[in-house]
Structures are given as C-alpha cells and as structure tokens.
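A.B. asks:
There are 4 protein chains.
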Amino acid sequence: MSAREKILKAADELFGEVGFDAATTREIARRSGVNKALIHYHFETKEALLSHVLDRYYGRLSETLNESIGAGDTVRERIVRMVDGYMDFLDANRNFSRIVQREASGGGNLERIRRHMKPLFEIGKRLLVETYPATRSGELAAEQLLITFYGMIVGYFSYDAVLEYLLQTDPLSPKNLAARKRHIVRVIDLVITAVELEAKQAGKAVKKKPKGRKNAAKR
Amino acid sequence: MSAREKILKAADELFGEVGFDAATTREIARRSGVNKALIHYHFETKEALLSHVLDRYYGRLSETLNESIGAGDTVRERIVRMVDGYMDFLDANRNFSRIVQREASGGGNLERIRRHMKPLFEIGKRLLVETYPATRSGELAAEQLLITFYGMIVGYFSYDAVLEYLLQTDPLSPKNLAARKRHIVRVIDLVITAVELEAKQAGKAVKKKPKGRKNAAKR
Amino acid sequence: MSAREKILKAADELFGEVGFDAATTREIARRSGVNKALIHYHFETKEALLSHVLDRYYGRLSETLNESIGAGDTVRERIVRMVDGYMDFLDANRNFSRIVQREASGGGNLERIRRHMKPLFEIGKRLLVETYPATRSGELAAEQLLITFYGMIVGYFSYDAVLEYLLQTDPLSPKNLAARKRHIVRVIDLVITAVELEAKQAGKAVKKKPKGRKNAAKR
Amino acid sequence: MSAREKILKAADELFGEVGFDAATTREIARRSGVNKALIHYHFETKEALLSHVLDRYYGRLSETLNESIGAGDTVRERIVRMVDGYMDFLDANRNFSRIVQREASGGGNLERIRRHMKPLFEIGKRLLVETYPATRSGELAAEQLLITFYGMIVGYFSYDAVLEYLLQTDPLSPKNLAARKRHIVRVIDLVITAVELEAKQAGKAVKKKPKGRKNAAKR
DNA sequence: GATGAATGAGCGTTCATTCAT
DNA sequence: AATGAATGAACGCTCATTCAT
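What follows is the structure, encoded as structure tokens:
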C-alpha cells in the first residue's frame, strides 16, 4: 500500500473514531507509519484530507446505489435492493456514517455532503414519484419517505454505540444486521402498500371520497 | 441571569454550532461575557460543562415525554402525543439534537447519552410490547420500531442543514415541521395497523384476544 | 520588571540581532524567561510584538527630536541639536536602526514606518524651507537634504557591523561617534553656507546671473 | 535560459522582495519553474544561493566602478562618474541594495558583504587621500566622506518604499533619479571645494602646493 | 540534469487549566 | 464570586534538505 493510501486509511479510521476536530495529524501519521510532514505533502491540509475521504466514500456509495437501482424487476424489488446495498455499504464502511453524522451538523464539509447527497436524493425521489403517484405530495410524499428511509438505515449505524448499550447486543453483528434489514423492508412494504392503495382509491375517487384516510390524518 | 447560567447558555449554543471539540472556553467566555477562569470555577472542566448541558436537556426531555405518555386515552394516542412532544422539544431546543448527534458517535459523553436514553427506550419498549404482542419479536419488534421512530424524528432535526439544501426550503419552518409530523404519524399508524392485524391473526390461531395485556399497559 | 516588559526587551534585542523573520517566539521566551504562551497572551501575534517595539521607539524618538528642535538660538544650532539628539538616541537604542533598516525594505511594517516618519520628515522640511528659501527646490531642495542627512546619520548605525571591518575600529565607540558627529555637522555647515549664499545671490540676481553655479551643475 | 540561471533570477527577485529568511525554496522553485530538489542540486544550500547572488552583484558592481574610476580627466570628474555609475547600477539592479540593506545588519552573509566592500572602500579612500590631503584626517576625513557618499546614494534606493510615501512620487522615476544625482554631485562639490580650500590654507602655511600628490593619484 | 517522495526539526499559535489575589 | 497572569502540552503546518530513481 502506498504511503498516500496508508494516510487515507488512517485518517478515515481516526475521523470515524473521534471526529475531525479531535483527530490530530500526529496520530494519523503515527497510525499510518509515515512522517507527519508527508501528510501535508500529499494532502494540502487536514480539511483537504477529510474532503478526500468523503469524496472517496460518496464516489463508491454512488456506484453501489446506481448498481442496485439498475437491477430488479419491480420497483419494490429495486428499492429493497437499494436498502440492501446501502446497508451492506455502511456495514463494510463503518466510519462513513459516523463521519457524515458529525460533519452534517455544520462546519466546512457541510457543503460537500450536501452536494454529494443531492443527486442520490433526486434519483430516489424521481423513482418514487414516477412509480407511485400518491408520493407526489401529502403525508407519504417522496421527500418525507426518503428522509424516513434514510433515518431508518443510517441512524442504525451512526447510533451503533448507543444501541449496543440499549439492546445489550452488538447491533452490527450479521444476525442483528439481517434483522434490521428485514424490519426496514417490512416498513417499506407497509408504505408501498399504502401508496398503492391510495393510487387505487384515487382511481375510484370519481365515485367515492377516501374518507378513512382523512380520519387517520386527523389523529 | 447569573454568571453560571450565562455560561451554560453560551456553552449550549457553541456546542450546538461547532461541536464540543471545536468549541473553546475562550469563545464561551466571550459569549457569556465572563472571565475564562470563571468557567472553571463553576464547572470543573470543559467536559463537565458539556455534561451539565446534556443532563439539563435530558432532564427536561424526560419530563416532557413522561407528561406526553401519561395523557391520552388510547395507546396510539399516547404514542402520537410522544412524537408530538418530542418534536416540539427538539424544535424548541435545536442545539440538543446536534450535540447528541455528534456525541453519540463516541467520545467521553457517549456513556452519559447511553444512560439517559436507556430509561426512555425501556419505557417505549414496555409500552409497545405490552400493548401489541406482535412487537415482542419479529420484523416489527419493539426495538426495531423504536429505532425507526427515533430515526424518523431526530434525523430530521440533526440533518436540517443538509435537508435545507435538498428540499430548498427551511425544514424547521412551522409549516414544514407540521408536514413532517403528519408523515411520521401516518407511518406510525401504518405500523400500528400492521401489528394489530398480526395480533388478530395470531389471536385466531389460539382463538382468543390478549385482552389482559392491554390493561397491563395502562398501569 | 514585569513579564510584559521583559518580553518587549527580549524581542527588541532579538529583532535587532537577527531580524524579524529569523527571530523565534521560542527564543524570545527563553531570553525573557517567560512561558512561550505568555507572549501571545500579552501580544496577540509576533507581528504585533514588532509593531509594539517600533511604536515605542518612534514615540521616544519623536519626543527626543521635538525637544531638540525646540531649544537653540539659531536655526543652524537647532539642526545641530537634532543631529546630536538623533545620534545619541540611535547610540542608546542600537537595535532601532537595524530593525528599521530591515523593515523599511518591505513587509507588513513598512506602512507603520512610513506613518511614523512622515511627521518627522514634514517638520524638518518646514524648518528648512522657511529658513532657507534656496531649499524650496533645486539641487539643495529640503527633501534631498533631509534624505542626505538621514543617510549620513542612520546609515552609520545600521552599517556598523560592516564599518567595524572597514575601519578596523568600533564605529560606535564614544570617540568614533564624536568624530562622526563632527563630520556630519561640518557637512551640514557646508550645505547651510551654500544655501545662504544662494539666497544672497538671488537677492542680487536682478543685476547678475549666478553663472558659476550653473557651470557646477553641468558637471 | 538554463535552469541554473532561472533559479538565480528567481532567488534574486525573491530575496529582494521579502528578504532571505522569508524567502522559501518552494517559492523560488515555483517562480523559476523548476523542481525544488533541483535548487539543492545546483546550489548546495539556500545560503549558498544567496552567496552566489551577492557575488554576482558585487562582481558586476566592481567592474562598473572600476570602469568609472578609470576614465575622466580630473579627480572630481572621476568621483562624479563613480556616483553616476553606482546609481545607474542600483537603478538597474534594484534588488541589490535591498538585499545588502538587510544582510548588512548581521547574519551569515555579513562577512561576505564586508569582504566585497573592503576593496571598493580602499580604492575610494586612496583616491581621496592621495588627491586631497585634507581628507587624511579631521572632519572631512576620507572614511567619513565615503560613508556619507554611500549613505546618500544607497540609502535613497534602499528606502525607496518609505520615500515614495514621504515624497508622494516614485523616487526611482528617471526624473527623480536625475534630481537625486544632481543633489549628490552638488554636495560632493561642496565638500571637494572645502577640502581644496583647506589644502590651500595649509599650503600657504608651508608656502608650497602639494603638486606631487596629484600625480600620484593618477597612477 | 531532473524529479516525486520523504523526513526531522521547528515554526507561530492555541488549548484547557491553574494560581495568586 | 471573580479575574489577570501564567503555564505545559499540543496543535496544524512549513521549513530546508535528502534520497532513490
């Protein structure tokens, strides 16, 4: 492995463990076994190093998700594949969600995260809206669904340290990860069923108002 | 306002804005208009200051949620009230979710967050399990549901800066917050409907509804 | 002596010895016997420390020169007193001319030096112009004279290290300083005589052209 | 232009602009368009690079001054030619006086400057002493005169940035340079007249003019 | 002759914290 | 309760220089 790659690897790990601010170039140098100055030779600043790490992650995530969305017969299956692919990616790159988790709250890399997320968000949105008319607006609007899906998936990884304590088991063990996947797919199925039902009712709507729905919305 | 309170307020804001590590005692002193050394007089260390901020938040959140869960006729209504109360709390204390977001990934305050979350998690879990037998395990197990609910709610606040860009509108505006609430409640309704349906199907299998459970949940 | 003053003294010396860029805060701390961080507590940056040193010097020089120019019966005497006062000042503050020497060539403190020199320059100029009409323009214009006087005086101090080698004696010994003073006063006398002569000839000029002068100008 | 020459040129410029200490090999490499390591291939150290620049300057200055001093009928004319040549040289090599200005105050190149200046100083001294007996000692001693001439000439160039502000015009414009030259020559004329007058008065005292001296000065 | 990679030393600066008052 | 002064440790970063190719 080249020194450059060793630096990237060490930085990725340290950023994930303690966060960007608490990570020091000295420790990155120590872990990667290179001279401290070499970090600044390969990456202008510590910020640039983080940017590099993030760009690499998002590049690979993008590939993964685009592959997932490409395959699959039905839309539901494609969505499930995306969930699957996303979770496998976060499983294989555990620092990623932690880094994003911290940087998304503000700071110099917020803009970078925004720009990386935008196309992924748009793809998901278009897929939902074009398939399920009921997600164009309302309680199950595509935007809301995507935020919910994202929260279900990413939250599980970025809160793993807390969950370990709450659940008294390793949330990232293969068994538990599989359970989480089944849960998420189940919730997504519930939602898809609901939006499909709405579509049907909207089709009949010339005859009948979707009365039951309205009551539910009232709480 | 006492110097002590001014320090807490400034620290809370700064921790929310830039995170614990990037926050400096100098800036906290500047914002609260007190001498830097006074911070250490009132709060032993910077860590202790964060602990104080967190404890205060969790104390108030606990109260809020306990009040929410207390009122309400049906369990569904009590859940909805909790969602409502939680979101209102995060809305009124916007630094809170950001601080937790960052600290939950690790660091010295992870333990603190774990301990604060545990009772809230247990209360929610008992409520679900005692009311809906189907949440005892399986795809819609109480733990999974709580993580999902938490992700739906908290993620929305802690990713507000990113969402602002993705949605091209302020996600924390009253209008958008109300829409988010409706979405979350709707998803919860879908889930409750599902677990109730499962219970009925299970009931048919053993011929009887688990009525006693419902009484137990009321406590 | 307060820590602040000890720092200023050490900084002054070191800046004079090796120049601003080669001077390190570590060495300043070492020489003044204070903690390195204390330098930044009392003086924001290393630059600010230099500015402080310079301001103090120019403040004292200003006083000195204003006192010198105030006393004295004739203008010639007042000029001589200024030369005297200036040289005594540079003798007593040997780092001063070296620091100015280096900073005047450019860098962040050029502006500061410019602003300090301006009023001194204007005072000298006014004194000359109002006393000797011949210095209003021409070969012995006040500006040229002041630059020459400045070069005669300050150059002697800032090149002392070189002069020591060229003259094979300490140029700043009391004896040599006195000799330099006599030389400078003598040259100034020659110049004053010349401008007084020009004034007289200009008075007669209605009758006769200053022919000899013109030849001299031709070289 | 060879890489070596490009490096020398860039170093010369940078040393003149920011001084030796603030100049970095990185910037020299950038400006000359060569690899940083190549600088150390051609010039052992950064110090050696400065030495090269200085040696080149002094070599050319020596030539210039020797040419100037060679031509001319009278000694006065030869002196004037030297002033002319010196100022033209400083005008054509503006970094030179700035570099010398900074290095003459101390540091590793002081010795080099001393050695370069020594012969020039001795030549000037001999010329004066052999021509004008009055410069052998006293208020108008040759050493004093040379320091004064040097200060008048070099100070004008090395303080150009300050003078620009004091005079509110570019001191190095052809017009202003010409004016400075006329001033300097005029002052030198005053001095020569004075030393000649002293010689005459001394001659009267011993009845005879020191004629043989003049021949000796021609060499 | 030329270069990308690498390094030890050291830079100015900032940190949370302590202390004397 | 409050503060100005002080400190040891560590920060990100840059330096001139070296080395292998």
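Line by line, the protein sequences give chains B, V, X and H. Residue numbers for the first sequence follow the working numbering, so the first one is 133 and each next one is one higher. Residue numbers for the second sequence follow the working numbering, so the first one is 133 and each next one is one higher. Residue numbers for the third sequence follow the working numbering, so the first one is 133 and each next one is one higher. Residue numbers for the fourth sequence follow the working numbering, so the first one is 133 and each next one is one higher. The beta carbon of each residue, even a glycine, is placed where N, CA and C say it ideally should be. Just so it is clear, the structure is predicted and the values come from calculations on it, not from any experiment.
Taking C-alpha atoms, which residue in H:Thr157, H:Leu272, H:Gly239 lies nearest to valine 319 (chain H)?
C.D. replies: For this step, residue 319 (chain H) is matched to residue 187 along the fourth sequence. Ranking the options by Cα distance to valine 319 (chain H), first place goes to H:Leu272.
A.B. asks: For chain V, check one thing: does any of its Cβ atoms lie closer than 7 Å to the Cβ of methionine 284 (chain B)?
C.D. replies: Residue 284 (chain B) sits at position 152 when you count from the first residue of the first sequence. At least one chain V Cβ lies under 7 Å of methionine 284 (chain B).
A.B. asks: Below 8 Å on the Cβ atoms is my guess for glutamate 209 (chain H) versus alanine 266 (chain H); work out the distance and round it to an integer in Å.
C.D. replies: Position 77 of the fourth sequence, counted from the first residue, corresponds to residue 209 (chain H). Position 134 of the fourth sequence, counted from the first residue, corresponds to residue 266 (chain H). In fact, because the Cβ distance is near 19 Å, the residues do not count as touching under 8 Å.
A.B. asks: Please state whether DSSP places aspartate 223 (chain H) in a helix, a strand or coil.
C.D. replies: For the purposes of this step, residue 223 (chain H) is taken as residue 91 along the fourth sequence, with counting starting at 1. Three-state DSSP puts aspartate 223 (chain H) in a helix.
A.B. asks: For threonine 156 (chain V), name the three-state secondary structure that DSSP assigns.
C.D. replies: Translated into positions along the second sequence, residue 156 (chain V) becomes position 24. In the structure shown, threonine 156 (chain V) sits in coil (DSSP, three-state: anything other than H, G, I, E or B).
A.B. asks: Is the beta carbon of valine 215 (chain B) less than 7 Å from the beta carbon of arginine 246 (chain V)?
C.D. replies: Indexing the first sequence from 1 puts residue 215 (chain B) at position 83. Indexing the second sequence from 1 puts residue 246 (chain V) at position 114. No; because the gap between Cβ atoms is not below 7 Å, this pair is not in contact.
A.B. asks: Using beta-carbon positions only, say whether valine 185 (chain H) and alanine 143 (chain H) come within less than 7 Å of one another.
C.D. replies: Looking up residue 185 (chain H) in the fourth sequence gives position 53. Looking up residue 143 (chain H) in the fourth sequence gives position 11. Yes, they are a contact pair.
A.B. asks: Got a sec: is the Cβ-Cβ distance from glycine 238 (chain H) to anything in chain X below 7 Å?
C.D. replies: Numbered from 1 along the fourth sequence, position 106 holds the residue referred to as residue 238 (chain H). Output row for glycine 238 (chain H): interface = yes.
A.B. asks: In three-state terms, what does DSSP make of arginine 208 (chain B)?
C.D. replies: Taking the first sequence and counting its residues from 1, the one referred to as residue 208 (chain B) is at position 76. In the structure shown, arginine 208 (chain B) sits in a helix (DSSP, three-state: H, G or I).
A.B. asks: Could you spell out the range, first to last residue, of the alpha helix (DSSP H) harbouring valine 261 (chain X)?
C.D. replies: Walking along the third sequence from the start, residue 261 (chain X) turns up at place 129. Per DSSP, valine 261 (chain X) belongs to the alpha helix (DSSP H) from 242 to 263.
A.B. asks: Would you check if there are 3 or more beta carbon pairs closer than 8 Å linking the region 233 to 242 of chain B to the region 294 to 305 of chain B?
C.D. replies: Taking 8 Å as the limit for Cβ pairs, the verdict is that the region 294 to 305 of chain B does not touch the region 233 to 242 of chain B.
A.B. asks: Give every residue of the same chain whose Cβ lies closer than 6 Å to the Cβ of lysine 340 (chain H), excluding the five residues on either side of it in the sequence, and list them in chain order.
C.D. replies: Here residue 340 (chain H) corresponds to residue number 208 of the fourth sequence, with the count starting at 1. At lysine 340 (chain H), the pLDDT of 48 sits below 50, so the modelled position is not reliable and the matter cannot be decided from this model.
A.B. asks: Tell me the DSSP secondary structure of serine 229 (chain H) in three-state form.
C.D. replies: Residue 229 (chain H) sits at position 97 when you count from the first residue of the fourth sequence. It is helical.
A.B. asks: Below 8 Å, can you find three or more Cβ-Cβ pairs linking the region 272 to 282 of chain H to the region 216 to 228 of chain X?
C.D. replies: Result no; under three Cβ-Cβ pairs closer than 8 Å.
A.B. asks: Where threonine 263 (chain B) and phenylalanine 281 (chain V) are concerned, what is the direct C-alpha to C-alpha distance, given to the nearest angstrom?
C.D. replies: Here residue 263 (chain B) refers to the residue found at position 131 when the first sequence is read from its first residue. Here residue 281 (chain V) refers to the residue found at position 149 when the second sequence is read from its first residue. Each residue's Cα considered, the two are about 25 Å apart.
A.B. asks: At least one CB of chain X closer than 7 Å to the CB of arginine 230 (chain H): is that the case?
C.D. replies: Here residue 230 (chain H) refers to the residue found at position 98 when the fourth sequence is read from its first residue. Yes, contact with chain X.
A.B. asks: Evaluate methionine 133 (chain B) with the Cβ neighbour count: other Cβ atoms within 10 Å of its Cβ, from every protein chain shown; 16 or more gives buried, anything less gives exposed.
C.D. replies: As a position in the first sequence, residue 133 (chain B) is number 1, starting the count at 1. Under this definition methionine 133 (chain B) is an exposed residue.
A.B. asks: Does the distance from the C-beta atom of isoleucine 160 (chain V) to that of leucine 170 (chain V) stay below 7 Å?
C.D. replies: Sequence index remark: in the second sequence, residue 160 (chain V) carries index 28 (1-based). Sequence index remark: in the second sequence, residue 170 (chain V) carries index 38 (1-based). Against a cut-off of 7 Å, the Cβ pair of leucine 170 (chain V) and isoleucine 160 (chain V) comes out as no contact.
A.B. asks: Helix, strand or coil for asparagine 347 (chain V) per DSSP?
C.D. replies: The residue labelled residue 347 (chain V) in the question sits at position 215 within the second sequence. Any answer about asparagine 347 (chain V) is weak, because its pLDDT of 44 lies below 50 and its placement is not dependable; what the coordinates show is given next. Three-state DSSP puts asparagine 347 (chain V) in a helix.
A.B. asks: For serine 164 (chain B), is the classification buried or exposed, using 16 other Cβ atoms within 10 angstroms of its Cβ as the cut-off for buried?
C.D. replies: Counted from its first residue, the first sequence places residue 164 (chain B) at position 32. Under this definition serine 164 (chain B) is a buried residue.
A.B. asks: Please name the residues in the region 194 to 210 of chain B whose beta-carbon is closer than 9 Å to at least one beta-carbon of chain V, in chain order.
C.D. replies: Listed by position, the residues of the region 194 to 210 of chain B near chain V (Cβ gap below 9 Å) amount to none.
A.B. asks: Which value, in whole angstroms, describes the spacing of the CA atoms of leucine 130 (chain B) and glutamine 333 (chain B)?
C.D. replies: The structure shown does not extend to residue 130 (chain B), since chain B spans only 133 to 351, so no value can be given for it.
A.B. asks: Under three-state DSSP, which class holds asparagine 167 (chain X)?
C.D. replies: For the purposes of this step, residue 167 (chain X) is taken as residue 35 along the third sequence, with counting starting at 1. The answer is coil: DSSP assigns asparagine 167 (chain X) none of H, G, I, E or B.
A.B. asks: My understanding is that glycine 151 (chain H) touches arginine 234 (chain H), with C-beta atoms under 8 Å, so please give their C-beta distance in whole angstroms.
C.D. replies: The residue given as residue 151 (chain H) occupies position 19 in the fourth sequence. The residue given as residue 234 (chain H) occupies position 102 in the fourth sequence. About 5 Å; that satisfies the 8 Å criterion.
A.B. asks: If you check the beta carbons only, do aspartate 153 (chain X) and aspartate 153 (chain H) fall under 7 Å apart?
C.D. replies: Stepping through the third sequence from its first residue, residue 153 (chain X) is reached at position 21. Stepping through the fourth sequence from its first residue, residue 153 (chain H) is reached at position 21. Taking 7 Å as the Cβ cut-off, aspartate 153 (chain X) and aspartate 153 (chain H) qualify as a contacting pair.
A.B. asks: Quick check on serine 269 (chain X): does DSSP put it in helix, strand or coil?
C.D. replies: As a working note, residue 269 (chain X) is residue 137 in the third sequence. Note: serine 269 (chain X) maps to coil in three-state DSSP.
A.B. asks: Could you tell me which of X:Gly287, X:Leu260, X:Ser305 sits nearest to threonine 325 (chain X), measuring between CA atoms?
C.D. replies: Against the third sequence, residue 325 (chain X) aligns to sequence position 193. It is X:Leu260.
A.B. asks: When you compare only the Cα positions, how much space is there between tyrosine 173 (chain X) and valine 166 (chain X)?
C.D. replies: On the third sequence, residue 173 (chain X) is found 41 positions in, with the first residue counted as 1. On the third sequence, residue 166 (chain X) is found 34 positions in, with the first residue counted as 1. Rounded to the nearest angstrom, the two C-alpha atoms are 11 Å apart.
A.B. asks: In this structure, does DSSP put aspartate 292 (chain V) in helix, strand or coil?
C.D. replies: Working through the second sequence from its first residue, we reach residue 292 (chain V) at position 160. DSSP places aspartate 292 (chain V) in helix when its eight states are reduced to three.
A.B. asks: Got a sec? Which residues, its chain only, sit under 7 Å from aspartate 302 (chain B) by beta carbon, not counting five neighbours each side?
C.D. replies: The residue you call residue 302 (chain B) lines up with position 170 of the first sequence. Around aspartate 302 (chain B): Glu296, Asn308.
A.B. asks: Considering only residues of the same chain and omitting the five flanking positions on each side of glycine 148 (chain H), which have a CB-CB separation below 6 Å?
C.D. replies: For this step, residue 148 (chain H) is matched to residue 16 along the fourth sequence. Result list for glycine 148 (chain H): Asn227, Arg230, Ile231, in chain order.
A.B. asks: Among residues of its own chain, excluding the 5 on either side of proline 251 (chain V), which ones have a beta-carbon nearer than 6 Å to its beta-carbon?
C.D. replies: As a first step, residue 251 (chain V) must be located in the second sequence, where it is residue number 119. Closer than 6 Å at Cβ, skipping near neighbours: no residue.
A.B. asks: Just the chain X side, please: which residues come within less than 8 Å of phenylalanine 253 (chain H) by C-beta, in chain order?
C.D. replies: Mapped onto the fourth sequence, residue 253 (chain H) falls at position 121. Result: Leu298.
A.B. asks: In whole angstroms, what is the alpha-carbon distance linking serine 269 (chain X) and tyrosine 190 (chain X)?
C.D. replies: The count along the third sequence starts at 1 and reaches residue 269 (chain X) at position 137. The count along the third sequence starts at 1 and reaches residue 190 (chain X) at position 58. Each residue's Cα considered, the two are about 29 Å apart.
A.B. asks: Kindly indicate which three-state DSSP category methionine 133 (chain V) falls into: helix, strand or coil?
C.D. replies: To locate residue 133 (chain V), count along the second sequence from 1; it is residue 1. In this structure, methionine 133 (chain V) counts as coil in the three-state DSSP scheme.
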